[in-house]
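Numbering (the numbering used here), first residue to last: 7 to 559. First the structure, in the form of structure tokens, and then the observations on it.
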């Protein structure tokens, strides 16, 4: 049995010796690698065991260059973005990685350290790269993406302009949050290194005004349209119902608050359409001053609904819960009282004038000057006609006319208004040279030497009459002047035609003479208009065109 004890002793001693040898080998190996990376340590596929500080830093720096080009995938709903690590500021922390490599196998516990050393003979000790993530660069890169904001939040609104309240509710926006990406990326790289794929949800952005705010504003809106508003215009009262008031209202944002507001322009349009109260105006008058320029005197302005200065009162009535009434004033149809329209009529210069002469102080002169006073200031619109008989009416003593010489049935006699044919001749010639269309006229039956031969007119009531039409695009003002021995008719407008008398012919009509006078009018576009007027003269007083005597009135 003693031999068995000896064998056991030998085995134990051998084991202890072997253990001592292994421990000694570990101690020697550990001492040899002091200040260097422990044996059989790798970073990735690179063995770094036994490397000192300098060589180790160089190896890690080389790996850092390679890692900088590795991809980083940011996966978001609907789109994936791919960056290089360098673009996002993801770098290898050389110092931290070196420290980690040098610490590999050098555990605080001696048994743990020995175990790690022993295991290194069968498997490598792997050290991960340590990364640094620049959160600011990640955030800036993401935030600068053109589609980082997928949708903007929208505030709620409502509008009743179309007659039905249209409500738009608030919606949230969605965007890719750079700070959130940086945080998730840092965690993913810490766990998995590079390359890496990170799934990032979109972040919601809230509107400034919520749907709860919308409900508050809609309650205010209901109060505004709860009952009618009564509007008084020119003594008449109109009821404006909720259906109409609804069209006036829209929502408005003010410092984060949604409120219903009344739109003044809508109120104005609505009142103009609903309220048909209007007051007709009077036409402007024109006067020639000093024979040189025309002065415009505006008439009473035409009035219609509604003066916008009254709108605040209507809006205030809508915003009240009681006493919902307001007075609305009329406004001029033309803001300038019609001045612009009057100026646009083009009455600026003489386009035709004529003067005839007579002896002083006869009763016929009273009639000539009276009719001149009556027609002075008459305006003929473009395309309009002027009739002396229609404008003046029957010549009566009540109108200031007196008895004077006239021609009736080829005889000289007296009649109330006698002498006004001289005025007719004067106006006829002014109209002739102004380019007016001479629609209705008749010459004296006996030629009178103070008038242009063949280019004159007479008149009586109701006929013969003198009627002309204004064929130009400008209005024509009839203006008259007289002296004790002359009468002048001026037609003021804007020069349109170049007018000239181009000839005159005469021929026999029985015992009478027919004189034809030719006229040429040249329009601004060069168009030439040719026409003529005529006169028929009897052979003498008391004779007709057959040479027979006529009955004296």
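By construction, the Cβ of each residue, glycine as well, lies at the ideal position given by its N, Cα and C atoms. Computed from a prediction, not measured in an experiment: that's the story for all the values here.
- For residue 330, there is no enclosing beta strand (DSSP E), since its DSSP letter is neither H nor E.
- Excluding five sequence positions before and after residue 425, the CB atoms of its chain that fall closer than 6 Å to its own CB belong to 370, 373, 374 and 410, given in chain order.
- Contact between the segment 311-321 and the segment 436-447 is absent: fewer than 3 CB-CB pairs across the two stretches fall below 8 Å.
- Listed in chain order, the non-local C-beta contacts of residue 264 below 8 Å within the same chain comprise 161, 162, 163, 215, 219, 220, 222, 223, 257 and 258, local neighbours out to five positions each way being set aside.
- From the listed residues 45, 202 and 310, the smallest Cα separation to residue 285 is found for 310.
- Between the alpha carbons of residue 169 and residue 277 lies a gap of roughly 15 Å.
- Excluding five sequence positions before and after residue 132, the CB atoms of its chain that fall closer than 6 Å to its own CB belong to 48, given in chain order.
- Straight through space, the alpha carbons of residue 359 and residue 502 are spaced by roughly 15 Å.
- By the neighbour-count criterion, in which a residue is buried when 16 or more other Cβ atoms sit within 10 angstroms of its Cβ, residue 351 is buried.
- Under DSSP, the beta-bridge partners assigned to residue 88 are 79.
- Under DSSP, residue 358 forms a beta bridge with 497.
- With a minimum length of 4 residues, the unbroken runs of alpha helix (DSSP H) contained wholly in the segment 126-208 fall at 141-149 and 184-198.
- By the C-beta density criterion, residue 402 is exposed, having fewer than 16 other C-beta atoms within 10 angstroms.
- Under the 10 Å beta carbon count, residue 496 is surrounded by 16 or more other beta carbons and is classified as buried.
- Boundaries of the alpha helix (DSSP H) around residue 431: 426-440.
- If you draw a straight line from the Cα of residue 454 to the Cα of residue 520, it comes to about 15 Å.
- Contact annotation, residue 307 with residue 340: C-beta distance approximately 7 Å; criterion of less than 8 Å satisfied.
- DSSP places residue 547 in the coil class of the three-state scheme, outside both helix and strand.
- Beyond the five residues adjoining it in sequence on each side, residue 217 comes within less than 8 Å, by CB distance, of 162, 175 and 176 in the same chain, given in chain order.
- By the Cβ rule, the segment 381-392 counts as touching the segment 474-490, because three or more pairs are nearer than 8 Å.
- Under the DSSP assignment, residue 394 falls in the alpha helix (DSSP H) whose first and last residues are 394-398.
- Following the DSSP letters along the chain, one finds residue 100 in no beta strand (DSSP E) but inside the alpha helix (DSSP H) bounded by residues 100-109.
- With contacts defined by Cβ atoms closer than 8 Å, residue 235 and residue 329 do not form a contacting pair.
- Annotation: the continuous beta strand (DSSP E) that includes residue 266 extends over 263-268.
- For residue 325, the enclosing alpha helix (DSSP H) begins and ends at 317-325.
- Between residue 230 and residue 246, the CB-CB gap reaches or exceeds 8 Å.
- Comparing alpha-carbon positions, the option among 253, 559, 290 and 283 lying closest to residue 273 turns out to be 253.
- For residue 507, the enclosing beta strand (DSSP E) starts and ends at 504-515.
- In this structure, the CA atom of residue 149 is about 14 Å from the CA atom of residue 140.
- Per DSSP, residue 298 is not a residue of any alpha helix (DSSP H), being assigned neither H nor E.
- Taken in chain order, the unbroken stretches of alpha helix (DSSP H) that lie wholly in the segment 44-76 and span 4 residues or more are 59-74.
- DSSP places residue 218 outside any beta strand (DSSP E); the residue lies instead in the alpha helix (DSSP H), whose first and last residues are 217-230.
- Secondary structure of residue 421 (DSSP, three-state): strand.
- Residue pairing for residue 309: DSSP places it in a beta bridge opposite 285 and 338.
- A straight line joining the alpha-carbon of residue 459 with that of residue 399 spans about 28 Å.
- Taking the Cβ atoms as the reference, residue 110 lies roughly 7 Å from residue 43, within the contact range of under 8 Å.
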